[in-house]
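Numbering (our numbering), first residue to last: 152 to 430. First the structure, in the form of structure tokens, and then the observations on it.
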């Protein structure tokens with residue numbers, strides 16, 4: 152799908168398929184330190200590759216719905232869209248939990264990819280040029296004020312995300328979408344074609360995410376020390392140059408510490424979709 156330039160070339164099937172394929176590519180990518188892949192279950196005792204594939208199958212039909220809602224409501228103010236698509240997001244999560252017997256495999260991915268597909272639907276309905284910049288800008292517009300509404304105003308934190316914001320000021324997936332995927336635009340997308348081989352390209356992108364993404368999944372499992380361990384490790388590998396054996400050793404180190412950079416895995420799928428479009 153590389154090189155797509157005009158919204159009229161896109162359909163709901165196209166953007167939803169891009170997103171679903173990105174999720175499948177991410178889970179099959181191997182080796183992924185601390186994450187489920189085709190070799191092992193990373194730092195997870197309740198997840199494996201077949202579970203992730205069932206989850207993706209359950210999520211995929213709802214990606215079409217997000218895109219369709221974006222097209223249908225394209226004349227509505229961007230700031231109203233998050234509330235308008237929230238019931239679809241909840242239904243998608245329920246489909247995921249039904250497929251996984253209650254295991255949270257893709258909640259973060261549903262949130263981010265749902266917004267991305269909705270943004271693409273709105274852009275397509277406006278018959279605007281579909282670009283990475285435009286998609287990110289639309290996602291930021293739809294989530295304007297999200298951190299203030301859902302995190303800064305939270306008096307009694309309940310969710311992991313709320314607790315991490317209160318304890319450390321971390322904004323997680325909410326901060327990433329409100330910024331228009333700033334971590335990706337700053338640290339990943341400009342370096343995408345440093346690697347010619349597609350597999351190494353994705354692994355390098357993941358390593359860059361582990362180096363620079365303030366991943367709340369890591370903090371939930373290992374505190375700030377766990378986050379800093381992974382960031383420092385990834386930066387060392389990027390600096391010296393890495394081979395698969397280095398990632399396999401990193402995988403062993405993260406498993407030993409029960410660390411899983413799940414937020415970075417979600418962002419890798421987003422990056423894969425965005426890179427199908429021109430800048």
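Every residue gets a Cβ at the ideal spot worked out from N, C-alpha and C, and that includes glycine.
By Cβ distance below 8 Å, which residues in the same chain neighbour residue i in space, the five residues on each side in sequence not counted?
i	result
residue 325	294, 297, 298, 301, 302 and 312
residue 358	385, 388, 389, 393 and 398
residue 284	430
Go through its chain and collect everything with a Cβ distance to residue i's Cβ below 7 Å, but skip five positions before and after it.
i	result
residue 232	224, 269 and 293
residue 167	211, 214, 215, 218 and 268
residue 203	178, 187 and 256
residue 195	187 and 411
residue 190	181 and 182
Can you tell me which of the three DSSP states residue i falls into?
i	result
residue 315	helix
residue 341	helix
residue 262	helix
residue 426	coil
residue 350	helix
residue 355	helix
Just to confirm before moving on: does the CB-CB distance between residue i and residue j stay below 9 Å?
i	j	result
residue 410	residue 369	yes
residue 240	residue 261	yes
residue 366	residue 320	no
residue 381	residue 354	no
residue 271	residue 328	no
residue 193	residue 402	yes
residue 247	residue 209	yes
Looking only at its own chain, which residues have a Cβ that is under 6 Å from the Cβ of residue i, when we skip the five neighbours before and after it?
i	result
residue 422	335, 339 and 356
Spell out whether any CB of chain B is found under 9 Å from the CB atom of residue i.
i	result
residue 406	Looking at the structure shown, chain B is missing, and only one protein chain is on hand.
Ignoring anything shorter than 4 residues, give me the alpha helix (DSSP H) runs that lie fully in the segment 274 to 336, in order along the chain. 283 to 293, 311 to 319 and 323 to 329
In chain order, each alpha helix (DSSP H) run of at least 4 residues that lies wholly inside the segment 166 to 244: 200 to 223
Taking the runs of the alpha helix (DSSP H) that are 4 residues or longer, which of them lie wholly in the segment 365 to 420? 367 to 391 and 395 to 407
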